[in-house]
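The numbering of the sequence shown is the UniProt record's numbering, which starts it at 1 and goes up by one. First the structure, in the form of structure tokens, and then the observations on it.
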Amino acid sequence: MMRWNPNYMKLRDKLLLMYVLSVFIPIVFTNIAFYQVTTANIRSQKTRDAGVALNNLKNELRVTIDQGVGLSYSLYADPVFNETLSRSFDSHSEYIRAYNSYLKGELSGQLSQGIRWYQVYTDNPTILSSGYIEHLNEAVRKSSWYQKLQDHTAPYPTLISADQELSLVQRLNNSDTGGIEQLLKIDFNMDLMKEQFRNSGFDGSVYLVDPKGYIRFASHSGSGSASVGELYGNMEFPNKTIRFERVYSGINYLEGWSLQGVMDEEAVLQEVRKSRSFVVWLACINFVLPTIIIAAMSRSIHVRLVRILKHMKKVKTQNFQTIPPEDARDEIGQLTTEFNRMTETIRDLIDEVYLADIQKKDLELKEQQAQLHALHSQINPHFLFNTLESVRMRSLIKGEKETAKIVHHMAKMFRKSISWNQHEVTVKEELELIDSFLQIQKYRFGEKLQYHVQADEAALKYRIPKMVILPFVENASIHGIESTPGEGFIQLFVRVERHELHIQLEDNGIGMSATRLEELLLYLDQNVDMGEHVGMKNAYSRLKLCYMDRFSLSIQSVEGRGTTIHIKLPLEHDQCKGE
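And the structure:
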């Protein structure tokens, strides 16, 4: 796995990466951290304030309820008051005297700010309904508050919610009443309670929940949509809500009652949302100012370096133009000065040395081209074509068709040799020439010579130097097959493998010894005048001129068994310039 190397990056990318890592990311994370910390602090502060507000509301509500409890205990503990209510009066006038003399004064002046009304109920038939005293009749017994009272048997006051009213009910049974039922019902001032809930400072909804979990009072100022009488546990709140609970404990008449507060978190963070625009503007300032400074500094570096790079690329094309001087004393200015000095030095060296070397190389190239022309001239005898045409026409006149056919193949070979205007031909054209040659050899040897030529369809379109396969076929037929006593067989295979053209020639001729094969390979590779095996030397020399060291030629031979020649040519190459 390759390791990341900053030296592989362009300067512009390095500056951009430096900006992202040193400016952009730190500013983003700093602002995010600042916003998160501020949000957490405000949320924590709002939560504490909400808890304090709910505690204050709890205490205020208890103070209001304690006013009713004080009134309840004062009447419950008054034995004269209880005995008077349970006494059997002989006449209405007697009760009126008792009421005016005691009961009226005892019941008057007991109202306070938190108590809206209180009423004493008794089923004593000798008492008249007057003032704060009412008969405990069937209508009262069927009321909801009375029915709820039946579920409570405790001697202390009972807090009951009925008909959207909150009341405190106390049984007046502190003394023997002779079977008479006596009750004190104190109704609280609901307007005062609403005001207490409204002014509590709790930023949300507050619910007064009875011991059974039912909502008995609600202040719908925020989250939640519950109404009085619903079960608090069945309420559905939004996902982002903060819930508070304050339970009355250790107070017998409030045991199990609780205040439930629900606050929307979005409302808690509303102040943070208001400051979001300030955070955004602050972040923009932190972005823009460093960006302008870094962009100006990076442009001073990038533009000048790009200008030096452009002039360096011009040097590659032998354009030794100097960079216009500038008033700069930094490292890039010094680099510009040194580049101009180097460019002038290289131009002087080229004028003195390189041009002379080019002239020498040009002379060598012309010498190679002259040699290539000489090689071509050896296999391009124009006059023979005209002679063969005359022989072929004479043979046809005499009726010697077979001879005329062979002469036609010979003429075809020479015609191709003088008609190829380019140095390269396709594999298909080369194989057609080889077929004509083998037909001639077949005429010469008769049934003694058999041959087989096979080429891949994909290989036929590729171009190769002309007459580079034919000399090897000629050598196989004349030097290999001619001297063998038995039947001779020549096989030629042309195929494409990967990025190479493979040419394989096999014969079952007389072959060569190892010593003779070594001498032949040394002869082909030496840059000397051609002796025997002119065709093979010619073909090898032209392959070497065209492909340099990008081709291979291998010869394997066993004396008395035959020879195999394998040529590998690259498929992609520059055209040989020998014409």
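Built from N, CA and C at the ideal position, the CB exists for glycine as well.
Secondary structure of residue 364 (DSSP, three-state): helix.
In this structure, the alpha-carbon of residue 288 lies about 41 Å from that of residue 342. A residue is called buried once 16 or more other Cβ atoms fall within 10 Å of its Cβ, and residue 284, having fewer, is exposed. In the DSSP assignment, residue 562 forms a beta bridge with 558.
Rounded to the nearest angstrom, the Cβ distance from residue 484 to residue 509 is 5 Å, consistent with a contact under 8 Å.
Residue 506 sits in a strand when the DSSP states are folded into three classes. Taking C-beta atoms as the reference points, residue 462 and residue 501 count as a pair closer than 7 Å. With a contact defined as Cβ atoms closer than 8 Å, residue 43 and residue 254 miss out at about 31 Å. The C-beta of residue 469 has 16 or more other C-beta atoms within 10 Å across all chains shown, which makes the residue buried. Going by DSSP, residue 465 is part of the beta strand (DSSP E) stretching over 463-465. By the CB criterion at 7 Å, residue 172 and residue 73 fall outside the cutoff. Taking the C-beta atoms as reference points, residue 431 is found no nearer than 7 Å to residue 458. Assignment of residue 9 by DSSP, reduced to helix, strand and coil, places it in the coil class. In the pairwise beta carbon analysis, the segment 42-58 is classified as not touching the segment 308-319: fewer than three pairs are separated by under 8 Å. Annotation: the continuous beta strand (DSSP E) that includes residue 115 extends over 115-122.
If the five residues before and after residue 321 are omitted, its C-beta is found closer than 8 Å to the C-beta atoms of 311, 314, 343, all from its own chain and listed in chain order. Secondary structure at residue 142: coil, using DSSP grouped into helix, strand and coil.
CA-CA distance, residue 282 to residue 263, rounds to 31 Å. Note on the segment 172-210: whole beta strand (DSSP E) runs with a minimum of 3 residues are 182-188, 205-209, in chain order. Scanning 329, 89, 104 for the CA closest to the CA of residue 124 turns up 89.
When the five nearest sequence neighbours on each side are left out, the beta carbons in the same chain lying within less than 8 Å of the beta carbon of residue 230 are those of 214, 215, in order along the chain. If you draw a straight line from the Cα of residue 503 to the Cα of residue 520, it is about 19 Å long. Residue 114 places its beta carbon 7 Å or farther from that of residue 202. Proximity to residue 293 across 16, 9, 10 peaks at 16, based on C-alpha coordinates. Residue 425: not part of any alpha helix (DSSP H); member of the beta strand (DSSP E) spanning 424-426, first to last residue. Of the other Cβ atoms in all chains shown, fewer than 16 fall within 10 Å of the Cβ of residue 199; this residue is therefore exposed. Between the beta-carbon of residue 50 and that of residue 204 there is about 7 Å, and that keeps the pair under the 8 Å contact cut.
Beta bridge pairing from DSSP links residue 47 with no other residue. The C-beta of residue 179 has fewer than 16 other C-beta atoms within 10 Å across all chains shown, which makes the residue exposed.
With a threshold of 16 other beta carbon atoms within 10 Å, residue 29 falls short and is exposed. Nearest to residue 278 by C-alpha distance, out of 534, 306, 34, is 34. Residue pairing for residue 218: DSSP places it in a beta bridge opposite 207. Inter-residue distance for residue 252 and residue 67 is about 15 Å (C-alpha atoms, whole angstroms). DSSP places residue 237 outside both helix and strand once states are collapsed to three, so it counts as coil.
Pairwise C-beta distances place the segment 139-147 in contact with the segment 156-170, as three or more of them are shorter than 8 Å. Here the C-alpha atom of residue 26 lies approximately 13 Å from the C-alpha atom of residue 291.
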